[in-house]
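Protein chains: 2
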Amino acid sequence: MKILLELSYIGTNYAGFQVQPNKATVQSAIQDALERVYGERLPVKGCSRTDSGVHALQYFATYDTARAIPTERIPLALNSALPADIAVRSARIVPDSFHVRHDVLRKEYEYRLLNSRIRDPFLEGRVYRIPHILGEHEISLMQCAAKAFVGEHDFSGFMSAGSSVADTVRRVDWLDVIVDDNLIKIRVAANGFLYNMVRIIVGTLLDTAHGRIAADDMAAIIALCDRSRAGFTAPPEGLYLRRVEYGDFAAEQ
Amino acid sequence: MKILLELSYIGTNYAGFQVQPNKATVQSAIQDALERVYGERLPVKGCSRTDSGVHALQYFATYDTARAIPTERIPLALNSALPADIAVRSARIVPDSFHVRHDVLRKEYEYRLLNSRIRDPFLEGRVYRIPHILGEHEISLMQCAAKAFVGEHDFSGFMSAGSSVADTVRRVDWLDVIVDDNLIKIRVAANGFLYNMVRIIVGTLLDTAHGRIAADDMAAIIALCDRSRAGFTAPPEGLYLRRVEYGDFAAEQ
Chain E
60 MKILLELSYI GTNYAGFQVQ PNKATVQSAI QDALERVYGE RLPVKGCSRT DSGVHALQYF
120 ATYDTARAIP TERIPLALNS ALPADIAVRS ARIVPDSFHV RHDVLRKEYE YRLLNSRIRD
180 PFLEGRVYRI PHILGEHEIS LMQCAAKAFV GEHDFSGFMS AGSSVADTVR RVDWLDVIVD
240 DNLIKIRVAA NGFLYNMVRI IVGTLLDTAH GRIAADDMAA IIALCDRSRA GFTAPPEGLY
300 LRRVEYGDFA AEQ
Chain V
60 MKILLELSYI GTNYAGFQVQ PNKATVQSAI QDALERVYGE RLPVKGCSRT DSGVHALQYF
120 ATYDTARAIP TERIPLALNS ALPADIAVRS ARIVPDSFHV RHDVLRKEYE YRLLNSRIRD
180 PFLEGRVYRI PHILGEHEIS LMQCAAKAFV GEHDFSGFMS AGSSVADTVR RVDWLDVIVD
240 DNLIKIRVAA NGFLYNMVRI IVGTLLDTAH GRIAADDMAA IIALCDRSRA GFTAPPEGLY
300 LRRVEYGDFA AEQ
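Chains as they are written, first to last, in the working numbering: chain E, 60 to 312; chain V, 60 to 312.
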């Protein structure tokens, strides 16, 4: 049978989700924990290749097993075998035909900016701090520029080199810039994301706030499909995979 | 001149504030940072002896120096010399007569309980998790018992052994049990606290929630002044020094 795990993790100590030789990854940590619980090496598939240092508030992974451990016991069993920065939140049986990556309908990311001259020990490695404080005007420029991203566009100008993806058109459902005390949260949902797309969008919005890009030019910049016209790639520590939606599971989550 | 630092820190990696031989403490970390900035060893005084593993959202410390660095530059200079889990939030000059510990009028602590069967990687080391979920009834028992602590009482039944304090009467201004999603926040303010007083109050409230102590008995238990009648000592990782009030600075904070 196929088991679907709902996870959350802090990405700081991992070279992303996917197994890499001689590096700590989330996938290998989960496979190690499964081996301790099931007594055999079970390959794990993940819903997304999150980058080194990126966090997940919600992440899904699957594995196949012939051994029927009651699903309500799986989270506690795996959590006692996992390191403290990864947790299994729930487990359920899914049809064998289910594919944890291909069946994703929509993903939402959140990028957290700390708008403060002073660093916050409690948010170290969990936000990207902007030392020059953004005021209301700068934030309204970001909110204005954000509107241009919503809808179906070729986002090849917002993709880092090194990706072999053929189709670079994605549908962005929302891109919101939310002020929450001294945090600025940028939430973006889409039917899929290109390599580093969220981090380049965030960097471009910050370049807009700092006056290096005009908010009114954003639609034209997207249409140019030229990476050199977009902004910088914001660092990974502010990025969180926030929500992953599947057709049949949408109601249950 | 005397400089007052406002700090915040994560206590996880420190054996409390006060310098101890062969142990990492917040005080020694600050003195190391001051030495890098000022070029000399400057003794630091703290507002409170927080225990090993206890956090501070707000903490005050002072040092004396003859060198006049503009106070607005002190936070950035010290923060670049401090480890990531300690930050200076502000600095100001105070009268030489100011005493950072004796002049405290009121301190507020917050204790954070995670009310969840599943651990949360993002709160690891920053909350005390209760694996058996507390419902509305249990929380109302805690809120009822909490009322008995407010006012001036001899709290010697809520003090760990090892303290040499003579006067064990303290004035508790409020003790609130606040539900915030799956967190339970216990906030207590007083003109002073005995050794481990907050952690024993929290343990006693949890014993009340679990039915081991009757909420109606709390006033009598306080009056007995007998440590063995109070509850267990809750662990340090959920405890935060939240606010420290001084007479002249109250308006500025």
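By construction, the Cβ of each residue, glycine as well, lies at the ideal position given by its N, Cα and C atoms.
Any chain V beta carbon closer than 8 Å to residue i
i	result
A74/E	no
I260/E	no
D144/E	yes
P134/E	yes
R151/E	no
R246/E	no
N138/E	yes
is_contact[residue i, chain A] using C-beta, thresh 8 Å
i	result
E183/E	The structure shown has no chain A; the protein chains it does contain are E and V.
Beta-bridge partners of residue i, as assigned by DSSP
i	result
G105/V	A120/V
H114/E	Y299/E
V78/V	DSSP lists no partner for V78/V.
A279/E	A279/E is not bridged to any residue.
D235/E	R246/E
R132/V	For R132/V, which the question treats as bridged, DSSP gives no partner whatsoever.
S149/E	E65/E
Residue-level contact to chain E via CB, residue i, 8 Å cutoff
i	result
I69/V	yes
N174/V	no
D179/V	yes
R271/V	no
R148/V	yes
Rounded distance between the beta-carbons of residue j and residue i, thought under 8 Å
i	j	result
K104/E	A120/E	6 Å
A146/V	D179/E	7 Å
T267/E	A204/E	4 Å
Q86/V	V78/V	5 Å
L300/V	Y118/V	6 Å
R165/V	A248/V	6 Å
R108/E	F76/E	6 Å
D144/V	I237/V	That belief does not hold up - the Cβ atoms of D144/V and I237/V are roughly 26 Å apart, past 8 Å.
I245/E	V231/E	Going by Cβ atoms, the distance from I245/E to V231/E rounds to 12 Å, so no, they are not a contact pair.
F214/V	L253/V	5 Å
D162/E	K61/E	Contact flag wrong, Cβ pair sits at about 12 Å.
Coarse secondary structure for residue i, derived from DSSP in three states
i	result
E212/E	Checking the sequence shown, residue 212/E turns out to be His, not Glu. The answer is strand: DSSP assigns H212/E an E or B state.
I69/V	coil
V159/V	coil
M60/V	coil
N174/E	strand
V96/V	helix
E183/E	coil
G306/V	coil
V257/E	helix
I272/E	coil
V85/V	helix
S199/E	helix
S139/E	helix
L164/E	strand
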